[in-house]
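Chemist: Counting along the sequence shown from 1, when you hit position 98 you're at 97 in numbering that gives the first Met the number 0, and nothing is skipped either side. Below is the structure I would like to discuss, written out as structure tokens.
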Amino acid sequence: MNNTDDHSHDDRPRLPRSYWRLFASSTISNLGDGMVVAAAPLLAISLTDDARLIATISFAATLPWLVLSLPAGVYLDRHDRQKIMYRANLLRGLIFGAIAIGSTTDWLNIYHLIAAAAVGGVCELFFDMSSQAILPAIVDEETLEVANSRLYISQIISNGFIGLPFGAWIFVIAVGAPFGVNALALVVAALLIRSIRIKDIPQTATATKSFGADLKDGLSWLWRHELLRTLAIMLGVANMCGMFAQAVFVKFARDELGLGARGFGILLAAISIGSILGGLVGEKVSKRLGATTAIILAYIIFGMSDVIPGLFPEIWAVAISGTVMAIA
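Next up, the structure:
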């Protein structure tokens, strides 16, 4: 009996030490990011009541994904992704450290926050795109699915369930605290990334092609690929429309729902439950309805999730519609 148990235990997929360093780095940085997701809108609305300026922060943070994704991909093919991840996290740590100091000493204004969001968005773009190539270079193919799922679960819990309410709560105690904690988390995460030993990642860019030629090839390939081209346009439009509501959500929560900082954080955490539920049922729904029908249904839900809070500006309506949208 014992021999059978030992054999079963030995058959379980084993993840290397480098993976657990990446796991720790991801968990720590996602915890800090979750705190900032809740605290940054609260800081913005404390600096200005102008909805246009508040919305500009979200616009500045997401614009790099729209205009730099392809050029960043070409750049990453030519450089060490691990070093880029390390430097991107260090730079983000410096940015959030400056926000922490500025918000505590009262020299920070809304334009500083917009600039920080833009630079931080560029860093996040390079970090996230680099990380997609790091994991397969750390774990074997047979353990890749397990490694990915554990990272995803850690991200949801640390970012949504812990980071969001904690960031809002300590913002009430000390305005700069969430940003200071995130700065420290990013530095620690960067050091963990630097300590990881990875296998060589093949460089896809050819030595004979220029940066511009590779970028042109990438754009041409995407435009010729009907499915990916359609998905790229759909996701771009959907994300842009979604940002219209999300960018001023903190103002809506304060003015229409009457929520304070703690209530805002709890509401965000409650909505994040939908992400986990979506991960559990998404594949089953797609298989039952078909991929096309499932995508159409998801976009209908996206639209209705923004209409319902406008018609029924109540906490229960916002929580339910937001959770359903996260599931979709």
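Even for Gly, the Cβ is constructed at its ideal location relative to N, Cα and C. Here the structure is a predicted model, which is why all the values come from computation and not from measurement.
Using the rule of at least 16 other Cβ atoms within 10 Å of the residue's Cβ for burial, across every protein chain shown, is R20 buried or exposed?
Modeler: Flag for R20 reads buried.
Chemist: Note down the Cα distance separating G289 from L296, rounded to an integer number of angstroms.
Modeler: So the two alpha carbons sit approximately 11 Å from each other.
Chemist: Between which two residues does the alpha helix (DSSP H) carrying R51 extend?
Modeler: Its alpha helix (DSSP H) spans residues A50 to V66.
Chemist: Thinking G211 and M128 are a contact (beta carbons under 8 Å), I'd like their distance in whole angstroms, please.
Modeler: Incorrect: roughly 19 Å between the Cβ atoms, too far for contact.
Chemist: Quick one: what does DSSP say F311 is sitting in, helix, strand or coil?
Modeler: Here F311 sits in coil by DSSP.
Chemist: Given this structure, state the Cα-to-Cα distance separating G235 from Y85, to the nearest angstrom.
Modeler: Straight-line Cα distance between these residues: approximately 28 Å.
Chemist: Does the segment 262 to 272 touch the segment 61 to 72, meaning 3 or more C-beta pairs lie closer than 8 Å?
Modeler: No: fewer than three Cβ pairs fall under 8 Å.
Chemist: With DSSP run on the structure shown, which of helix, strand or coil describes T104?
Modeler: Three-state DSSP puts T104 in a helix.
Chemist: In whole angstroms, what separates the C-alpha of G241 from that of F160?
Modeler: Distance between the alpha carbons of G241 and F160 is about 22 Å.
Chemist: Is the beta carbon of N238 sitting closer than 7 Å to the one on Q154?
Modeler: For N238 and Q154, no; Cβs fall outside 7 Å.
Chemist: Looking only at its chain, what residues have a beta carbon closer than 6 Å to the beta carbon of G92, apart from the 5 residues adjacent to it on each side?
Modeler: Excluding sequence neighbours, G92 sits near A182, L185 and V186.
Chemist: Between the C-alpha atoms of V118 and R223, what's the straight-line distance to the nearest angstrom?
Modeler: Roughly 32 Å separates the two Cα atoms.
Chemist: Verify whether the separation of the beta carbon atoms of A146 and V138 is less than 7 Å.
Modeler: Yes. Within cutoff.
Chemist: Just the C-alpha distance for G321 and K208, rounded to the nearest angstrom, thanks.
Modeler: In a straight line, the C-alpha of G321 is about 46 Å away from that of K208.
Chemist: Does DSSP put H111 in a helix, a strand or coil?
Modeler: Of the three classes helix, strand and coil, the one that applies to H111 here is helix, per DSSP.
Chemist: Rounded to whole angstroms, what's the CA-CA distance from G323 to W315? Just pull it up for me.
Modeler: According to the sequence displayed, residue 323 carries Val and not Gly. Rounded to the nearest angstrom, the two C-alpha atoms are 12 Å apart.
Chemist: Give me, in chain order, the residues of the same chain whose beta-carbon lies closer than 7 Å to that of T3; leave out the 5 immediate sequence neighbours on both sides.
Modeler: Summary for T3: the model assigns pLDDT 48, below 50, so the residue's position carries little reliability; its value from the coordinates is reported in the next sentence. Contacts found: none.
Chemist: Select from I44, L191, E144 and V174 the residue whose C-alpha is nearest the C-alpha of I100.
Modeler: Selected option, being the one with the closest Cα: V174.
Chemist: Is the beta carbon of D49 closer than 7 Å to that of N158?
Modeler: No, these two residues do not count as a Cβ contact at 7 Å.
Chemist: Within this structure, are the beta carbons of I152 and S17 separated by less than 7 Å?
Modeler: No. Outside cutoff.
Chemist: Helix, strand or coil: which one does DSSP assign to K286?
Modeler: Three-state result, K286: helix.
Chemist: Would you kindly work out how many angstroms separate the C-alpha atoms of F22 and M34, rounded to a whole number?
Modeler: Rounded to the nearest angstrom, the two C-alpha atoms are 18 Å apart.
Chemist: So what does DSSP say about A231, is it helix, strand or coil?
Modeler: Helix, per DSSP.
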